[in-house]
Amino acid sequence: MSDLAIYDLDRTVTRRATYTPFLIHCAVRRAPWRLLFLPLVVFSMLAYVLKLIDRARLKEINHTLLIGRWIHARQLKPLVDSFAEMTVATNVRPGARAAIARDKAQGRRLVLATASYRLYASAIADRLGFDDVVATGSIIGLDERLRSRIEGENCYGDAKKKMIDDWVEKSGLLGAHGHVRFYSDHASDAPVFEWADEPVAVNPHARLARLAAERGWRTEDWG
């Protein structure tokens, strides 16, 4: 029986969000002229705030603007690798490194569960020593080109819990895993917090801090 340690990525393991910085990283290195679309990125974010589009559509729009409608895997890989290296070097909380080392020493199976795209979250996870990744997928065509469309659901809120459930079943852990420790900074992960045996609110924003106080969940400051 394997105990699990499940981590959110953005603002939990990392200090700052990773999605828009990844897109900008790709644009700067591959097609700097796409930075001219940044005002449209801002408008799309405003449309999300006004609830004219959902988070999944927001991601697809910004991916199209800053990377393009498609990109071949061999063109994307060096961009993913350089972004992952930069993220691990400059954007990981010290407390996250300590928690990962502790959970690994305890023999836990380390899982990164994030709304970020698997295409770069996996590269970050590999460098930090995670065993598995549950993340937002991308559509890849028969021509091996990655599209600016999400495959399935955006791994956020209720969908994240469902995708973790699917991963548990596909990994043969249904009814067979042990204690589950879960870390996140955001109240959108409430479904996973409620499911976990040991929920830990990391550098929580105000709403999660209130929820953690009500539920008696532990909070930690990872710096």
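Numbering (the working numbering), first residue to last: 531 to 753. Even for Gly, the Cβ is constructed at its ideal location relative to N, Cα and C.
Residue j and residue i - do their beta-carbons sit closer together than 7 angstroms?
i	j	result
W752	V730	no
D540	T548	yes
L642	F660	yes
D696	P721	no
N684	A655	no
R623	R545	yes
N592	V572	no
A742	P734	yes
Is residue i helix, strand or coil by DSSP?
i	result
S718	helix
T542	helix
S612	helix
G708	strand
Y537	strand
Y578	helix
D662	strand
Y713	strand
If I'm right that residue i touches residue j with Cβ under 8 angstroms, what's the distance once you round it to whole angstroms?
i	j	result
Y647	A614	Rounded, the Cβ-Cβ distance is 12 angstroms, inconsistent with contact.
L595	H555	Contact doesn't hold; Cβ gap of about 14 angstroms is too wide.
I597	A557	7 angstroms
So, at 6 angstroms on beta carbons, what are the nonlocal neighbours of residue i in its own chain, with the 5 sequence-adjacent residues on each side left out?
i	result
Y578	L588
A535	D633, R638, L640 and R711
S714	D538 and T542
G625	W752 and G753
P664	The amino acid at residue 664 is misidentified as Pro; the sequence shows Val. Only A643, M693, I694 and W697 meet the Cβ criterion.
H707	S532 and L534
R737	A717
Cutting at 7 angstroms between CB atoms, please list the residues of its own chain near residue i, excluding the five before and the five after it.
i	result
G671	R677
E681	G667, S668 and I669
Using 10 angstroms around the beta-carbon of residue i, count the other beta-carbons present and answer buried if the total reaches 16, otherwise exposed.
i	result
W747	buried
H602	exposed
E674	exposed
D719	buried
Who are the Cβ neighbours of residue i in its own chain at under 8 angstroms, not counting the five residues just before and after it?
i	result
E728	H709, V710, R711, F712 and R748
R679	E590, S668 and I669
S574	I583, L588, I591, N592 and L595
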